Amino acid sequence: MREHPWYTRLAIHAVLVALALPFCMPLLWMIGTSLKTPDQVYPKMVDTSVASFAKQWWPSPVQWQNYPEALAYVPFPLYLRNTLLLCALNVVGAVGASALAAYAFAKLEWRGRKVLFAIVIATMILPGEVRMIPTFALYRWLGWYGTYLPLVVPAFMGSAFFIFLLRQFFQTIPDDLCDAARIDGCSEWGILWRIVLPLSKPALATCALFQLMGTWNDFGGPLLYLNDQSKYTLAFGLQQFYGAYGGEWAKLMAAATVFTLPIIVLFFLAQRTFIQGIATTGVKG
Amino acid sequence: MARRNNAAGWLLVSPVVIGLLVFSLYPFVASLALSFCDFDIFNAPRWIGLWNYRTLFTEDPLFWKSLGNVLYYTALAVPLGIGFGVALALLLDARIRGLSVYRTIFFLPTIVPAVATSVLWIWLLNPQIGLVNMLLRLFGVEGPMWLGSPEWSKPSLVLMGVWGVGGSMIIYLAGLKDIPVSLYEAALVDGANAWQRLRHVTLPMLTPVIFFNLVMGMIGAFQYFTQAFIMTGGGPQDSTLFYALQLFYQAFQYLKFGYASAMAWVLFVIVVVVTALLFRSQKRWVHYGR
Amino acid sequence: MEGDERVRSPGARRAVAVARGAVLAAAALLVAWLFLLYEPPRAKRYPDREKVVFWHMWTAKWEKVVGEIVDRFNASQTRWEVVALVVPGGSLKTLIATAGGDPPDVMAQWDPVIPAWAERGALTPLDEILDPKDWAYLEKNMYPAVRAIGTYKGHFYGLSTGMNIWALYYRPSRFREAGLDPDRFPETLEELDAAAAKLFRYDAAGRITRIGFMPRWLSQWSAVFGGSFYDATRGELTLLDPGALRALEWMTDYTKRYGFERVQQFESGLTTSMGASWPFISGAYAITVDGQWRIQDLAEAKESDYRTAPIPPPEGGKPLACWSNGNFMVVPSGAKHKQGALAFMKFWSGVDDPERAAEFYTWGGWLPITPDVANARRYQQYIRENPEFATFVRVLASPNVQVSPPVPIQAYLMNRLGSAEDAALRGTLTPRQAMERLDEEIRREQRLQNAAATQADR
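Spelled out as structure tokens, the structure:
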């Protein structure tokens, strides 16, 4: 494609920078607050000067020790390990099962397909709060209460969100491609594995990222089903800074920054996979 | 055509079906049954027929108020979210430097934990010294009370919701990259300018993804809960008492779980109808390019 | 093709690839260490003892304090081992676990669950399982507010581990500045109103820069005015109580006099639970009402320009009055080790050894449940070190301290009460209208709940 003329590029940059500022705020503020002393966390109400405003974003003096202190408060490596385990299992399970199902919904015709898809979508619509108690009872009856199983096994049964998303993407892949492969004697599994999935890397990566973020941040599930501090996750650790009488906000933000940083780094580095163009494959069109 | 393959189809969805049967069926059926019961969580449920539903519709003003609140939110947040998300994705699809940085920045609000963003926004929207009102003051406008005002509390939350558009932006970007280059080339050959290319190539090819975000956005907006729970607790004057929040209070604070289940199923019916209408409308505007 | 890729030179591309590789390698090393080599710290375990499961909501630095108390208990006897688990997020997990049949043996909470859960049979009446000697001691000695919070329908369900008492904090320096004598704090509410008027400060545009005093929280002031939302003898709610109404009218007068919007503009965004960044410390208020835990916050912020005083009553009101709640421990009815739970609770609250327990209370800056603990040597020393704390201990012993009405719909009541107060202060409704609306809402809710129960009985 042609490159834009320089004035268009400049205009785009200008708009993006203007928009980017409010979006940067959470991270910058979080980092800034994490370096404050307890009394600097909230601004002095009477002071509306620019200097005090600036101090909200980068305090002085800088309390670097909030970080090691925050990390020492909770068994951070233990929580990290537990979280990584859960994330890995959930990502593999959810993306895998959902991709299989999405392919069946998008590219195959079979009896009951529409009804089943409607049911899958419908499962997202009932608010989770009212399912909490029956679900809890179910897991208890299965004997899974207090283990990781309620937090892992459901992922391997697919996620309605991903099934829907991947179905939309798979449907944009031309049917002729799949038909041609079938004529050549390729099995459905082969079509999925060799044609559809490679063409859908951005969508799959997006699903993986969302599931990773979901499991990484999940607090409700671990809260309800875990009874052993040694199984707790990072999301839990974050809650442990939110104190009974008042949080240690600076340390909470330090923990939150450490909590968030891996995902940001991962996202930044893995960008190519998300947004990969398919021009190189030259198959479409 | 060999596209019809019952065995393969069912085999591929078997994990999903097992999951539905084992993990979803019982909770769904149970919650429906509970909606016809008086259930305080600690003692066995007792059947009361349609009493919950009847009370909900005729004797509970907060039911209507919370429903109104969530409709307001959905009607504003979903279109704004889609418009803004698509626009952002289009901007980031351009051939300019530093795209990775920009994309990460716009995705940040979605990654940062809710507890941090809530505190940040409470400060930003502070009428006295918050950033938003300070900026408005530069233009000579005295901003409202934002979260502290019954009239402005919902718009404040809509603003926060739109700011979290990074997730859907990623999906739009993936969708944009999926548009075959050949289509653009053909359009150029036909002499189309940028605006026409947008209208006749980009947007139509993006409709499957827009449809996804529309449906998911709508389903999510109807269940809006977290920010209201953390930041406002339903106030001021019940202006941010959203349906899901009221449901939560009824279930776990007032211990009226059967009543809350009835609320859940009322919402279910409403959203299923809206979703079905949206799916029905697919034929008219969603373009699965083949 | 990627826009940003095209513009990079081969050297830059290599640099990016190296950086990427480095990060991946570091991540791989971290993962390997976590899963193969890392050994999590192991808590002390007594495998032969009966395990008493203790769920509590103490986080941040208080988690360590509670952990220390648990360790001391475990070391002090050989029959039980208390295993503490911090459970954030309020009472939700305990609610579901108890209903699901897997409750902890003892739970520490401050969510006002006692009336609602006791009504439904989810809590064990402590007066029935305590040793009669211990119960007699408690019955005779506990502070009025402790008794009020823990009692429901004649039984005692929750033993408080830390009561909260509210009083006034004020700044002597501001008093002097305004020509008031900090050593002679107003003794009536009317005097307080006059003093407050002198302590407000405004900027050139008329916006408030310092609040002299602004009353909030109707439950608080209703107690001070001698009103009550609950009639204990009849066991009924009295939401239209004249004392409470007078309190609300007085509060509304303040917002009328100083302007609700103007005050709200100043106050919004100020939350009162943010540790040392409490607005009183930052100078936003000259006088404010708050709880005893602020003493520790002030000490941490090294703030010494403050004094405390009990809330002065209005004419016809009650002295040494305030609203109180507490952190309390309950034993779910399905608990398996109730005697162990009791032993732990007794240990912590000082029923058997006040002197020992006094030390625990000083760690958390908590108020004790019996005067024996308050008068213990260690606690008295704490008071000497923090003289302003004495105000709270004094109010704690007062019979005019009120708690939230012990009714099963307490949660709903408190929610709607806040809404009513807000409507009155905002001027949307007059105080009388707001309370009448509240009364109507509560009556309707009670009627509906009774109707549901009747329907179910059919």
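Line by line, the protein sequences give chains A, B and C. Residue numbering for the first sequence follows the working numbering, starting at 110 and increasing by one per position. Residue numbering for the second sequence follows the working numbering, starting at 226 and increasing by one per position. Residue numbering for the third sequence follows the working numbering, starting at 597 and increasing by one per position. We put the CB at the ideal spot given by N, CA and C, even for glycine. Remember, predicted model here, so these are calculated numbers, not experimental data.
Option in the options with minimal Cα separation from residue i
{"i": "valine 999 of chain C", "options": "C:Trp817, C:Arg858 and C:Gln1045", "result": "C:Trp817"}
{"i": "threonine 342 of chain B", "options": "A:Pro331, A:Cys133 and A:Phe185", "result": "A:Cys133"}
{"i": "alanine 695 of chain C", "options": "A:Gln380, A:Pro371 and A:Leu333", "result": "A:Leu333"}
{"i": "leucine 189 of chain A", "options": "C:Val661, C:Glu773, C:Trp658 and C:Phe631", "result": "C:Phe631"}
{"i": "serine 756 of chain C", "options": "C:Ala763, C:Val742, C:Gln1029 and C:Ala986", "result": "C:Val742"}
{"i": "proline 1002 of chain C", "options": "C:Ile804, C:Met703 and C:Ala828", "result": "C:Ala828"}
{"i": "glycine 754 of chain C", "options": "C:Tyr766, C:Thr720, C:Lys736 and C:Leu785", "result": "C:Thr720"}
{"i": "cysteine 62 of chain A", "options": "A:Phe245, A:Cys196, A:Lys360 and A:Arg303", "result": "Past the edges of chain A, shown from 110 to 394, lies residue 62 of chain A, and the structure says nothing about it."}
{"i": "threonine 784 of chain C", "options": "C:Ala801, C:Ile807, C:Val702 and C:Pro906", "result": "C:Pro906"}
{"i": "serine 945 of chain C", "options": "C:Met925, C:His933 and C:Gly930", "result": "C:Met925"}
{"i": "alanine 181 of chain A", "options": "A:Gly346, A:Val305 and A:Val200", "result": "A:Gly346"}
{"i": "methionine 488 of chain B", "options": "A:Trp115, A:Pro168, A:Asp285 and A:Glu238", "result": "A:Glu238"}
{"i": "lysine 216 of chain A", "options": "A:Ile292, A:Cys287 and A:Gly294", "result": "A:Cys287"}
{"i": "alanine 792 of chain C", "options": "C:Gly802, C:Leu776 and C:Asn982", "result": "C:Leu776"}
Listed by chain order, chain A residues near residue i by CB distance under 8 Å
{"i": "tryptophan 692 of chain C", "result": "First, the amino acid is wrong: residue 692 of chain C is isoleucine here, not tryptophan. Residues of chain A passing the Cβ test: Met241, Ile242, Phe245 and Leu333."}
Contact list for residue i against chain A, beta-carbon separation under 7 Å
{"i": "aspartate 263 of chain B", "result": "What aspartate 263 of chain B touches in chain A: nothing, since even the nearest Cβ is about 14 Å away."}
{"i": "valine 627 of chain C", "result": "Leu193"}
{"i": "tyrosine 251 of chain B", "result": "Pro243 and Leu247"}
Contact set between residue i and chain B, taken where Cβ atoms lie within less than 7 Å
{"i": "aspartate 827 of chain C", "result": "Per Cβ cutoff of 7 Å: no residues; aspartate 827 of chain C is ~23 Å from chain B at best."}
{"i": "alanine 1007 of chain C", "result": "Gln478 and Tyr479"}
{"i": "leucine 688 of chain C", "result": "Phe477"}
{"i": "leucine 125 of chain A", "result": "Leu316 and Tyr327"}
{"i": "threonine 342 of chain A", "result": "Near threonine 342 of chain A there are no residues of chain B at all, since even the closest Cβ is about 13 Å away, more than 7 Å."}
Per-residue contacts from residue i into chain A (C-beta, under 9 Å)
{"i": "arginine 616 of chain C", "result": "Leu378"}
Closer than 8 Å at the beta carbon, the chain C residues around residue i
{"i": "valine 374 of chain A", "result": "Val619"}
Supposed close pair residue i, residue j - CB separation, criterion 8 Å
{"i": "isoleucine 554 of chain B", "j": "leucine 372 of chain B", "result": "The requested residue 554 of chain B does not occur in the structure, where chain B is confined to residues 226 to 515."}
{"i": "threonine 690 of chain C", "j": "tryptophan 654 of chain C", "result": "Their Cβ separation, rounded to whole angstroms, is 14 Å, which puts threonine 690 of chain C and tryptophan 654 of chain C out of contact at 8 Å."}
{"i": "isoleucine 979 of chain C", "j": "valine 991 of chain C", "result": "About 13 Å; that fails the 8 Å criterion."}
{"i": "tyrosine 408 of chain B", "j": "methionine 430 of chain B", "result": "Note that residue 408 of chain B is leucine in the sequence shown, not tyrosine. Right, the Cβ-Cβ distance comes to about 7 Å (below 8 Å), so this counts as a contact."}
{"i": "isoleucine 807 of chain C", "j": "arginine 858 of chain C", "result": "So it is not a contact: roughly 10 Å between Cβ atoms."}
{"i": "tyrosine 765 of chain C", "j": "aspartate 886 of chain C", "result": "6 Å"}
Chain-ordered neighbours of residue i on chain C, where CB pairs are closer than 7 Å
{"i": "tyrosine 254 of chain A", "result": "Asp698"}
{"i": "isoleucine 266 of chain B", "result": "Leu691 and Ala695"}
{"i": "asparagine 336 of chain A", "result": "Leu681"}
{"i": "proline 186 of chain A", "result": "Leu630 and Tyr634"}
{"i": "leucine 189 of chain A", "result": "Leu630"}
Closer than 8 Å at the beta carbon, the chain B residues around residue i
{"i": "glutamine 1051 of chain C", "result": "Asp263, Ile273, Gly274 and Trp276"}
{"i": "asparagine 175 of chain A", "result": "Correct list: empty, because the minimum Cβ distance to chain B is about 14 Å."}
{"i": "isoleucine 121 of chain A", "result": "Leu316, Ala319 and Ile321"}
{"i": "arginine 716 of chain C", "result": "Asp265, Ile266, Phe267, Asn268 and Leu480"}
{"i": "threonine 1024 of chain C", "result": "Gln462"}
{"i": "arginine 1040 of chain C", "result": "Glu284"}
Neighbouring residues, chain C, relative to residue i (Cβ below 9 Å)
{"i": "methionine 488 of chain B", "result": "None at all; the shortest Cβ gap to chain C is about 14 Å."}
{"i": "phenylalanine 350 of chain A", "result": "Thr655 and Ala656"}
Contact set between residue i and chain F, taken where Cβ atoms lie within less than 8 Å
{"i": "serine 920 of chain C", "result": "Among the chains of the structure shown, chain F does not appear; the protein chains present are A, B and C."}
Under 9 Å by beta carbon: chain B residues contacting residue i
{"i": "arginine 303 of chain A", "result": "The contacting residues do not exist; arginine 303 of chain A stays about 15 Å from chain B at best."}
**Q.** Three-pair Cβ contact test at 8 Å for the stretch 828-848 of chain C versus the stretch 721-739 of chain C
**A.** The stretch 828-848 of chain C vs the stretch 721-739 of chain C: no contact.
Q) Is the stretch 228-241 of chain A close to the stretch 486-501 of chain B, with three or more CB pairs under 8 Å? A) Enough Cβ pairs lie closer than 8 Å, so yes.
Q.
Tell me whether the stretch 396-406 of chain B and the stretch 255-272 of chain B touch, counting them as touching only if at least three CB pairs, one residue from each stretch, are closer than 8 Å.
A. no
Q: Evaluate the contact criterion for the stretch 493-511 of chain B versus the stretch 710-720 of chain C: three or more CB pairs, one atom per stretch, below 8 Å.
A: no
(Q) Would the stretch 207-223 of chain A count as touching the stretch 372-382 of chain A if we require 3 or more Cβ pairs under 8 Å? (A) no
Q.
Does the structure place the stretch 363-380 of chain B close enough to the stretch 315-323 of chain B that three or more beta carbon pairs sit under 8 Å?
A. The answer is no - the stretch 363-380 of chain B does not touch the stretch 315-323 of chain B, with fewer than three Cβ pairs under 8 Å.
Q) So, do the stretch 902-916 of chain C and the stretch 820-838 of chain C have three or more beta carbon pairs nearer to each other than 8 Å? A) Short answer: they touch.
Q) Is the stretch 449-465 of chain B touching the stretch 279-295 of chain B in the sense that three or more CB pairs, one from each, lie closer than 8 Å? A) yes
Q) Which full runs of the alpha helix (DSSP H) of 4+ residues lie inside the stretch 894-972 of chain C, going along the chain? A) 934-945, 950-960 and 967-970
Q) Of all the alpha helix (DSSP H) runs that stay within the bounds of the stretch 631-694 of chain C, which reach a length of 4 or more residues? A) 656-672
Q. Can you find at least 3 beta carbon pairs, one from the stretch 419-438 of chain B and one from the stretch 502-511 of chain B, that sit closer than 8 Å?
A. yes
Q. So, do the stretch 236-250 of chain B and the stretch 256-266 of chain A have three or more beta carbon pairs nearer to each other than 8 Å?
A. Enough Cβ pairs lie closer than 8 Å, so yes.
Q | 4-residue-minimum alpha helix (DSSP H) runs that sit fully inside the stretch 983-1054 of chain C, ordered along the chain | A | 985-992, 1006-1022 and 1027-1053
Q) Are the stretch 970-977 of chain C and the stretch 673-687 of chain C touching, with three or more C-beta to C-beta distances below 8 Å? A) no
Q: List in chain order: all unbroken beta strand (DSSP E) runs of 3+ residues lying wholly within the stretch 790-869 of chain C.
A: 804-806
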